[in-house]
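Chains as they are written, first to last, in this note's numbering: chain B, 644 to 1071; chain V, 72 to 272. Here a beta-carbon is modelled for each residue, glycine too, at the ideal position from N, C-alpha and C. This report concerns only the one structure given below.
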Ligand SMILES: Cc1cc2nc3c(=O)[nH]c(=O)nc-3n(C[C@H](O)[C@H](O)[C@H](O)COP(=O)(O)OP(=O)(O)OC[C@H]3O[C@@H](n4cnc5c(N)ncnc54)[C@H](O)[C@@H]3O)c2cc1C
Ligand code: SF4
Ligand code: SF4
Ligand code: SF4
Ligand code: SF4
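What follows is the structure, encoded as structure tokens:
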């Protein structure tokens, strides 16, 4: 692979989710040179893993399609997938960045015909479905993946399975000799749009996510509802595949808690309100959703969405943070124990399925970032002290898509200013 | 008539109860109430007590036996999302109610605490025999004999294992400098009272 051409006139965008794509496109459409690097095999980030978007309840594919069209049509923008930043040195206007590119084992010739996938029998956990299902070890990350190019999982390289994939390819796209590469580039400004990850629900021991099959997370519930998900879009519970009609949502699972995440993740109240409508969509009046909450935070104009869900007769609200979850061993139902705040009544309530509205944790938590980067007490990126690197989207704060896009546009403008300064000093 | 929100009692608690300044930090999530192993047996959970303090229910809180039910298991402290030192506040409230003479009469935890305190300050060491007997007889002579008979087996076992010495009845073992201990305790009380603004009362 050839190293992309980048100079101190180039803006580097790290992370190819909705925020990174937006920041990159805004700058590229202003005529700036942009390099967008993404660590997974595809652009799209976590929004591509949602079934529907609040507030309009549209499918994420439309937004994705528009962005991909803009990306394809823009010569100023280069993208690199399976690429991570390992080091940054230098300062505002003149950074040296070290990139690590992992092997995909499939080159540009790939037409995504799928023959390699049919040829192999080995399977790996499907990251797109948060590991709820398996996928062949030669796979396309998902239908909207960009680039539309297969990936050979490293686990079958050097095995007969890998050779099967290679033999099946009609256009000689499988290259099992690809190696990890390290590339050094020069850039003028960096936008960190590295996004978020769901808080590890195993850490909330009283909720038994690791012990009780029918306790799942909100991101997994998105996959259950999605026709491309592990159940083909049916709301079936993991323990026995029975319909999940009576669903409980537990808010602030990990957030607003000094033991886990200090911050309010800001989107999870809306996410659960939205997900009650998946239950309604699936079962009509026979569905039942119960939201256990401390307070509902549907910020500014989302209040309307909340008001409508409040009117829905299939949805009820219990003001209480659940203290613990037990399991009814006879039927696999989770039993929620707690005390409500409106009257201090003790309850022990059974549901078919429990969805933990897990918090958003910065994806870079635990990742070594350049020393100059300033983060808040929850590891959200504020920017660099030298004013040449910027946080954008969910990497900078727990944001919904709309606000993430606004934040990315703002970061892009700041990056453009750095590049402009470079250009004018060089011209002088 | 309009009800006005008064926080006099909250201020009183903040000024006088150990860790009382934490009460206002409670966000009423209910985790402590649902996690307390004694939950179903208390009249008011910690969550409810904190709300009652803010609502100015002074009499109801201070005369309640709820805080005396806390066994210091620390489950609530471990789980509270706001890290309130709930256990300590419970004991602080109990202690404050006791000082004011409002704590419920005959509440067993309170009685035992008093007996334990009186016992240990005498010599600087707990006299287990006297303490046990005082406990048996706290509800009168007849009940004391019944209690002692019921506990006989355990008492004999403890003696065999040399955990209980019948000779302790005659004075019992003490610290080397009993007078020093008494002075120390008096001084500590003086400092504590001054801290709580009780000196001269
Ligand atoms: C259950 C749930 C439901 C939601 N539903 C909605 C909804 O209905 N509507 C809505 O508006 N919002 C919703 N959200 C919020 C939404 O998911 C976020 O706003 C959105 O994902 C933010 O996009 P992003 O690009 O900032 O981050 P991400 O989507 O996380 O993208 C970050 C990208 O950066 C990449 N990356 C990370 N680290 C590196 C690195 N070191 N190097 C290179 N690349 C890296 C990642 O692989 C990823 O592709 C929901 C969130 C949850 C938890
Ligand atoms: S690698 Fe070859 S076989 Fe596999 S999808 Fe691409 S073109 Fe088809
Ligand atoms: S948005 Fe709602 S569920 Fe999420 S952390 Fe904030 S209050 Fe809790
Ligand atoms: S767990 Fe903490 S914040 Fe929640 S009700 Fe109890 S004291 Fe208040
Ligand atoms: S420490 Fe006291 S209040 Fe807290 S959970 Fe244990 S018994 Fe209940």
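Handout entry: Within chain B, partners of residue 126 of chain V - CB distance below 7 Å
Key = Residues of chain B with a Cβ closer than 7 Å to the Cβ of residue 126 of chain V do not exist; the shortest Cβ-Cβ separation is about 13 Å.
Problem - CB contact below 9 Å: residue 106 of chain V versus chain B - result: Yes, contact with chain B.
Practice task
Measuring only between beta-carbons, confirm whether residue 119 of chain V sits less than 9 Å from chain B.
Solution key: Yes, residue 119 of chain V lies at the interface with chain B (some Cβ there is under 9 Å from its Cβ).
Practice task
Taking only runs that begin and end inside the stretch 184 to 272 of chain V, name each unbroken alpha helix (DSSP H) of 4 or more residues, in chain order.
Solution key: Runs of the alpha helix (DSSP H) lying entirely within the stretch 184 to 272 of chain V and spanning at least 4 residues, in chain order: 199 to 207, 212 to 221, 223 to 231 and 249 to 266.
Problem - Neighbourhood of residue 164 of chain V by C-beta, 6 Å cutoff - its chain only, sequence neighbours within 5 removed - result: Its chain contains 88 and 138 as the residues whose beta carbon lies nearer than 6 Å to that of residue 164 of chain V, once the 5 sequence neighbours on both sides are disregarded; these appear in chain order.
Problem - Cβ neighbour criterion (16 or more within 10 Å) applied to residue 915 of chain B - result: Buried, since its Cβ has 16 or more Cβ neighbours within 10 Å.
Practice task
Can you tell me which of the three DSSP states residue 727 of chain B falls into?
Solution key: If DSSP states are grouped into helix, strand and coil, residue 727 of chain B belongs with the strands.
Exercise for the section: On a CA-only basis, which of B:736, B:813 and B:1054 is nearest residue 755 of chain B? Give me that one, please. Expected result: It is B:813.
Problem - 7 Å Cβ cut-off: residues of chain V touching residue 893 of chain B - result: Residues of chain V passing the Cβ test: none, with the nearest at roughly 12 Å.
Handout entry: Inter-stretch contact (C-beta, 8 Å, three-pair minimum) for the stretch 983 to 994 of chain B and the stretch 863 to 876 of chain B
Key = As far as the Cβ criterion goes, the stretch 983 to 994 of chain B does not touch the stretch 863 to 876 of chain B, which means the pair count is below three.
Practice task
Spell out a yes or no on whether the stretch 966 to 982 of chain B and the stretch 993 to 1004 of chain B are touching, meaning 3 or more CB-CB pairs, one atom from each, closer than 8 Å.
Solution key: Yes, the stretch 966 to 982 of chain B is in contact with the stretch 993 to 1004 of chain B.
Handout entry: DSSP beta-bridge partners of residue 682 of chain B
Key = Its beta-bridge partners do not exist; DSSP assigns none.
Exercise for the section: Apply the 10 Å Cβ neighbour rule to residue 784 of chain B and answer buried if 16 or more other Cβ atoms are within range, or exposed otherwise. Expected result: Buried, by the Cβ-count rule.
Exercise for the section: Please list the segments of the alpha helix (DSSP H) lying wholly inside the stretch 862 to 944 of chain B, counting only runs of 4 or more residues, in order along the chain. Expected result: Counting whole runs of 4 or more residues, the stretch 862 to 944 of chain B contains the alpha helix (DSSP H) stretches 911 to 926.
Problem - residue 161 of chain V - containing alpha helix (DSSP H), residue span - result: Note, residue 161 of chain V: alpha helix (DSSP H), 157 to 170.
Exercise for the section: Just the C-alpha distance for residue 795 of chain B and residue 1014 of chain B, rounded to the nearest angstrom, thanks. Expected result: Their backbone Cα atoms lie some 35 Å apart in a straight line.
Practice task
Considering only heavy atoms of ligand 4, list every residue whose Cβ is less than 5 Å from one of them, following chain order.
Solution key: Going by the Cβ distance cut-off, the answer is V:97, V:98, V:100, V:102, V:103, V:118, V:151, V:153 and V:155.
Handout entry: When B:964, B:719, B:913 and B:965 are compared against residue 950 of chain B, the one with the closest alpha-carbon
Key = Of B:964, B:719, B:913 and B:965, the residue nearest in Cα terms is B:913.
Problem - Beta-carbon proximity check, residue 890 of chain B vs residue 931 of chain B, cutoff 9 Å - result: Against a cut-off of 9 Å, the Cβ pair of residue 931 of chain B and residue 890 of chain B comes out as a contact.
Exercise for the section: Say whether chain V places a C-beta atom closer than 9 Å to the C-beta of residue 965 of chain B. Expected result: True, the Cβ-Cβ gap to chain V drops below 9 Å.
Exercise for the section: Would you please verify whether the beta carbon of residue 95 of chain V is less than 9 Å from any beta carbon of chain B? Expected result: Closer than 9 Å: no.
Practice task
Please find out if some non-hydrogen atom of ligand 3 comes closer than 8 Å to the beta-carbon of residue 660 of chain B.
Solution key: No; taking the cut-off as 8 Å, the Cβ of residue 660 of chain B has no heavy atom of ligand 3 nearer than that.
Practice task
Within 10 angstroms of the Cβ of residue 189 of chain V, are there 16 or more other Cβ atoms? Answer buried if so, exposed if not.
Solution key: Result: exposed.
Practice task
May I ask you to list the residues that DSSP assigns as paired with residue 1027 of chain B?
Solution key: Residue 1027 of chain B is bridged to B:1016.
Exercise for the section: Could you confirm whether any beta carbon from chain B is found closer than 9 Å to the beta carbon of residue 152 of chain V? Expected result: Residue 152 of chain V counts as touching chain B.
Practice task
Would you check if there are 3 or more beta carbon pairs closer than 8 Å linking the stretch 723 to 735 of chain B to the stretch 676 to 696 of chain B?
Solution key: Touching, yes.
Practice task
May I ask whether a heavy atom of ligand 3 can be found less than 8 Å away from the beta carbon of residue 713 of chain B?
Solution key: Every heavy atom of ligand 3 is 8 Å or more from the Cβ of residue 713 of chain B, so no.
Practice task
Indicate the three-state DSSP secondary structure (helix, strand or coil) for residue 739 of chain B in the structure shown.
Solution key: Looking at residue 739 of chain B - three-state DSSP - the assignment turns out to be strand.
Handout entry: CB of residue 840 of chain B within 9 Å of CB of residue 1041 of chain B, strictly
Key = Pairing residue 840 of chain B with residue 1041 of chain B gives a Cβ-Cβ distance that is not under 9 Å.
Handout entry: Which listed residue (V:220, V:136 and V:193) has its alpha carbon closest to that of residue 180 of chain V
Key = Answer by Cα proximity: V:136.
Exercise for the section: Can you tell me which of the three DSSP states residue 980 of chain B falls into? Expected result: Residue 980 of chain B falls in the strand class under three-state DSSP.
Exercise for the section: Give a yes or no on whether the C-beta atoms belonging to residue 749 of chain B and residue 792 of chain B are separated by under 9 Å. Expected result: Taking 9 Å as the Cβ cut-off, residue 749 of chain B and residue 792 of chain B qualify as a contacting pair.
Exercise for the section: Using 8 Å as the cut-off, classify the Cβ of residue 109 of chain V as near or not near the heavy atoms of ligand 5, replying yes or no. Expected result: Flag set: Cβ of residue 109 of chain V near ligand 5.
Practice task
Could you tell me whether the Cβ of residue 726 of chain B comes closer than 9 Å to any Cβ of chain V?
Solution key: Proximity of residue 726 of chain B to chain V, defined by a Cβ-Cβ separation below 9 Å, is not satisfied.
Exercise for the section: Tell me whether residue 644 of chain B sits in a helix, a strand or coil according to DSSP, three-state version. Expected result: Confidence in residue 644 of chain B is poor, its pLDDT being 44 and thus under 50, which makes the residue's placement too unreliable to answer from.
Handout entry: Neighbourhood of residue 766 of chain B by C-beta distance below 7 Å, restricted to the same chain and skipping five residues each side
Key = Hits under 7 Å: 777, 778, 779 and 780.
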